[in-house]
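To keep things clear, I will list the structure first and then write my remarks on it.
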């Protein structure tokens, strides 16, 4: 019951400056220096010691400093890139976009990265993934780590260019080798999933470790999952819990969900179902379908919360609508059994069929049960056998037992179950 994914674009809004521009920057004067101190990034060549993350910018002070610098050097694409970065960090895309257009046209990599991402995601501008990919490619080929990571994402998810996991891994690696934590965690996920590179849990753990050391939530969750499962190394659920907690404390929904799972089951930590419920709720509030499913299980069972079938029904529905097929299975059962609602065979069939159509083995078994017993449908032994067989073929034992019962000499009963 854990969830991992490569991170979507989270703009760090940094830039690399060609060596020639760094030299001229030294001659630019105090206004330029003040703008650099307020808005430059630690990823920029020549500004490593004074640069900062976008969320660390004092945007009010930085707007003043960089506006003064631009008044002195109205043709400076670097200052335009920094001022655009500040406006974007402040949420003012209206002022950021014209500056980004000018700076990107001049080849400023800060602008290429920010604007490329904005165009790809439709953040403050109309979506234009193809142009976004072109800008990111230009920035990536100039050696800018953030553009390289974002270009990796474009290849990874086929945004603006053909999906290509090999190219995605290549650009993640380029960013990772420059020390960018998000590139490191993304490359770790590629190794974990065997996408564009051979599956290698040891390599995945190594990249996750580097990212986690920088406080990257994806690295923390990725490394925690490998330690929880004992992949590529000895299982260490206690450290996994520590890593999940670090991510959860930063508000990461995957860290919250995964830590809650360990707390619910007393794995690596002392069991605390109430604390688990609170963390599942935090992740659910961020829209994580899996967390909604896990929280619904607690409400259905009265574990760590007061038993509430109606609340479980609501959460299962939200999770199922979010694509969590285990929730669809359990939602079907609540309708089938009349828990938290009136018995409704039509709804039971709808949700069970949805999950079964995705190949979910428990749903296939339960669908067999519905057709065997004629629950809202015309009883159909042949259909029941077919569904039990499909479930049993995936190794689900209850379905195998049901299949043997129907095809054997006697046929009493029938079995269905929920999924966790």
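In this note's numbering, the protein residues as written are 49 to 468. For each residue, glycine too, the CB sits at the ideal point set by N, CA and C. Source: prediction; values computed, not measured.
Through-space distance from residue j to residue i, alpha-carbon basis
i           : j           : result
residue 412 : residue 436 : 6 Å
residue 307 : residue 455 : 44 Å
residue 165 : residue 324 : 35 Å
residue 136 : residue 360 : 40 Å
residue 300 : residue 451 : 43 Å
residue 173 : residue 180 : 11 Å
residue 141 : residue 193 : 23 Å
residue 440 : residue 446 : 8 Å
residue 389 : residue 337 : 21 Å
residue 209 : residue 215 : 11 Å
residue 442 : residue 339 : 25 Å
residue 203 : residue 425 : 46 Å
residue 421 : residue 296 : 45 Å
residue 409 : residue 428 : 19 Å
residue 385 : residue 378 : 10 Å
residue 100 : residue 182 : 26 Å
residue 5   : residue 91  : The chain is shown from 49 up to 468; residue 5 falls before or after that span and cannot be answered.
residue 190 : residue 130 : 18 Å
residue 260 : residue 353 : 33 Å
residue 123 : residue 158 : 16 Å
residue 346 : residue 370 : 19 Å
residue 264 : residue 391 : 47 Å
residue 434 : residue 404 : 12 Å
residue 368 : residue 153 : 45 Å
Cutoff 7 Å; reference residue i; Cβ partners in own chain excluding five residues on either side
i           : result
residue 245 : 217, 238 and 239
residue 248 : 239
residue 262 : 229
residue 334 : 301
residue 110 : 86, 87 and 134
residue 224 : 231, 232, 235 and 255
residue 329 : 343
residue 253 : 271, 274, 280 and 281
Presumed contact (8 Å Cβ cut-off) between residue i and residue j, rounded CB distance
i           : j           : result
residue 87  : residue 133 : 6 Å
residue 375 : residue 383 : Their Cβ separation, rounded to whole angstroms, is 13 Å, which puts residue 375 and residue 383 out of contact at 8 Å.
residue 125 : residue 151 : 5 Å
residue 358 : residue 316 : About 33 Å separates the two Cβ atoms, so there is no contact after all.
residue 304 : residue 331 : 4 Å
residue 160 : residue 113 : With 8 Å as the limit, residue 160 and residue 113 do not qualify as a contact, their Cβ atoms being about 23 Å apart.
residue 444 : residue 432 : Wrong, their Cβ atoms sit about 14 Å apart, outside the cutoff.
Residues of its chain near residue i, where Cβ-Cβ distance is below 6 Å and the 5 sequence neighbours each way are ignored
i           : result
residue 213 : 243 and 244
residue 221 : 235
residue 207 : 168 and 177
residue 284 : 275
residue 363 : 340, 343 and 344
residue 291 : 268, 271 and 272
residue 393 : 423 and 424
residue 138 : 107
residue 293 : 307
residue 348 : 360
residue 321 : 312, 351 and 352
residue 310 : 289, 316 and 317
residue 116 : 79
Check: residue i C-beta below 8 Å from any heavy atom of the ligand GDP
i           : result
residue 251 : Annotation note on the ligand GDP: not contained in the displayed structure, which lists no ligands.
8 Å CB neighbourhood of residue i in its chain, flanking five on each side removed
i           : result
residue 155 : 125, 186 and 190
residue 398 : 380
residue 175 : 167, 168 and 169
residue 449 : 463
Runs of beta strand (DSSP E) lying entirely within the region 312-351, each at least 3 residues, in chain order: none
Whole alpha helix (DSSP H) elements within the region 82-142, 4-residue minimum: 107-120 and 125-137
Inside the region 170-237 only - alpha helix (DSSP H) runs reaching at least 4 residues: 177-189, 193-205 and 213-224
Completely contained beta strand (DSSP E) runs for the region 372-401, where each covers 3 or more residues: none
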